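Undergrad: Residue numbers for the sequence shown, in the numbering used here: 343 to 664. The beta carbon of each residue, even a glycine, is placed where N, CA and C say it ideally should be. Just so you know, these numbers come straight off a predicted model, no measurement behind them.
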Amino acid sequence: MKHLLKFFGFAFFFTWLTTSAWADSYPSKPIRLVVPFVAGGSADLLARIVGQRLAEKVGQPVVVENRAGASGHIGAEAVARSRPDGYTLLLGTSGVHAAYSIFPNLRYDPSTALTPISIIGEFPNVLVVNTAVTAKSVNDVISLARARPGGLFFGSAGNGSSTHLAAELFKSITKVDIRHIAYKGSGAALTDLIGNQTQLMFENLPTVLPFIQSGQLRPIALTSKQRFDSLPGVPTVAESGVPDYQFGAWFTIAVPAGTPPEVAAKLNRDIDAVVNDRGLAAKWKELGVRPVGGSLSDVAAFVASERSKWSGLVASAHLNAE
Numbered sequence: 343m344k345h346l347l348k349f350f351g352f353a354f355f356f357t358w359l360t361t362s363a364w365a366d367s368y369p370s371k372p373i374r375l376v377v378p379f380v381a382g383g384s385a386d387l388l389a390r391i392v393g394q395r396l397a398e399k400v401g402q403p404v405v406v407e408n409r410a411g412a413s414g415h416i417g418a419e420a421v422a423r424s425r426p427d428g429y430t431l432l433l434g435t436s437g438v439h440a441a442y443s444i445f446p447n448l449r450y451d452p453s454t455a456l457t458p459i460s461i462i463g464e465f466p467n468v469l470v471v472n473t474a475v476t477a478k479s480v481n482d483v484i485s486l487a488r489a490r491p492g493g494l495f496f497g498s499a500g501n502g503s504s505t506h507l508a509a510e511l512f513k514s515i516t517k518v519d520i521r522h523i524a525y526k527g528s529g530a531a532l533t534d535l536i537g538n539q540t541q542l543m544f545e546n547l548p549t550v551l552p553f554i555q556s557g558q559l560r561p562i563a564l565t566s567k568q569r570f571d572s573l574p575g576v577p578t579v580a581e582s583g584v585p586d587y588q589f590g591a592w593f594t595i596a597v598p599a600g601t602p603p604e605v606a607a608k609l610n611r612d613i614d615a616v617v618n619d620r621g622l623a624a625k626w627k628e629l630g631v632r633p634v635g636g637s638l639s640d641v642a643a644f645v646a647s648e649r650s651k652w653s654g655l656v657a658s659a660h661l662n663a664e
């Protein structure tokens, strides 16, 4: 028995030593960062900014790979099924981590198959309308929707996306009947909005800002608590007569479940340093991004809270993408 205990003790120590040494040398090769959406959107933009800075910090390339489909779940599932060694990361979203119950037949469980290790940041969405729409305020939008039940259409980047969730929260609070059209990405949704195929959208600030600045779309309100310097004259939804409304699109870096804790902790520290680097402050301000970061326990608590909130809305609003 003594010899057996010695053997298991040695085996445990050897495994710990090997894992620790491997974690100390991490990363020793390029890292793949999967963006589960098409190129050009907010998630892609954030991934490329963070990926470049992370590569500089760890001394290895970070290769951004777009793998779109099923509102982010094609890429997310691929990451979840990849080797849990810290060399495949996911740019996660609220839709992937918190509102996935919209898709009842997923082939994986995002809550157990993925481990979020950092909240990169959060930014508001903007309620925008086609310039032919007469509404110029939140109250105008509500009045127009109530005068034409089911007659106004909003586009989104896909079921469960932040552009979808922001609108569903607005519907839930204001009790208006506006109809959803899910697109495969924000690009197609914005094209139809500009073409007046749809009338409104709750789009991420960084993505929609150029269309506002060019006069192609009219901004109505921000979904955040506070106004932003990039749109100084645009009020928030809350200050426009819907005080209970607040929404922020948030993004994570996640790894497959089972990733060694030492590797997850190192990534957490490195990404935290990147997103809160003073050298990025001006860029974040320009894009309307509020960098977050935080410890692994902070990240886990935040995602669990958001999952509870959004699963409740999905159930009460009877949202089902299948």
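Could you tell me which whole beta strand (DSSP E) segments of length 3 or greater appear in the stretch 483-560?
TA: 495-498, 521-524 and 542-546
Undergrad: Could you please give me the residues that DSSP links to residue 288 through a beta bridge?
TA: What the structure shows of the chain is the stretch from 343 to 664, and residue 288 is not part of that stretch, so it cannot be assessed.
Undergrad: Suppose you measure from the CA of residue 453 to the CA of residue 434; what does that come to, to the nearest Å?
TA: One C-alpha to the other measures close to 12 Å.
Undergrad: Across the stretch 395-413 and the stretch 548-567, are there enough close Cβ pairs to call them in contact, namely three or more that are closer than 8 Å?
TA: no
Undergrad: Whose C-beta lies closer than 8 Å to the C-beta of residue 558 among residues of the same chain, with five residues either side of it excluded?
TA: 473 and 536
Undergrad: Apply the 10 Å Cβ neighbour rule to residue 462 and answer buried if 16 or more other Cβ atoms are within range, or exposed otherwise.
TA: buried
Undergrad: Specify, as a first and last residue, the run of the beta strand (DSSP E) that residue 593 falls within.
TA: 591-598
Undergrad: By how many angstroms is the C-alpha of residue 501 removed from the C-alpha of residue 655?
TA: 14 Å
Undergrad: Quick one: is residue 481 buried, meaning 16 or more other Cβ sit within 10 Å of its Cβ, or exposed?
TA: exposed
Undergrad: Using a Cβ distance threshold of 8 Å, determine whether the stretch 378-386 contacts the stretch 521-533, with at least three qualifying pairs required.
TA: Two segments are said to touch when three or more pairs of C-beta atoms, one from each, lie closer than 8 Å; by this definition the stretch 378-386 touches the stretch 521-533.
Undergrad: Measure the alpha-carbon distance for residue 518 versus residue 487 and round it to whole angstroms.
TA: C-alpha separation (whole angstroms): 6 Å.
Undergrad: Which word fits residue 515, buried or exposed, when buried means at least 16 other C-beta atoms lie within 10 angstroms of its C-beta?
TA: exposed
Undergrad: Give every residue of the same chain whose Cβ lies closer than 6 Å to the Cβ of residue 629, excluding the five residues on either side of it in the sequence, and list them in chain order.
TA: 548
Undergrad: Tell me whether the beta-carbon of residue 602 lies closer than 9 Å to the beta-carbon of residue 428.
TA: yes
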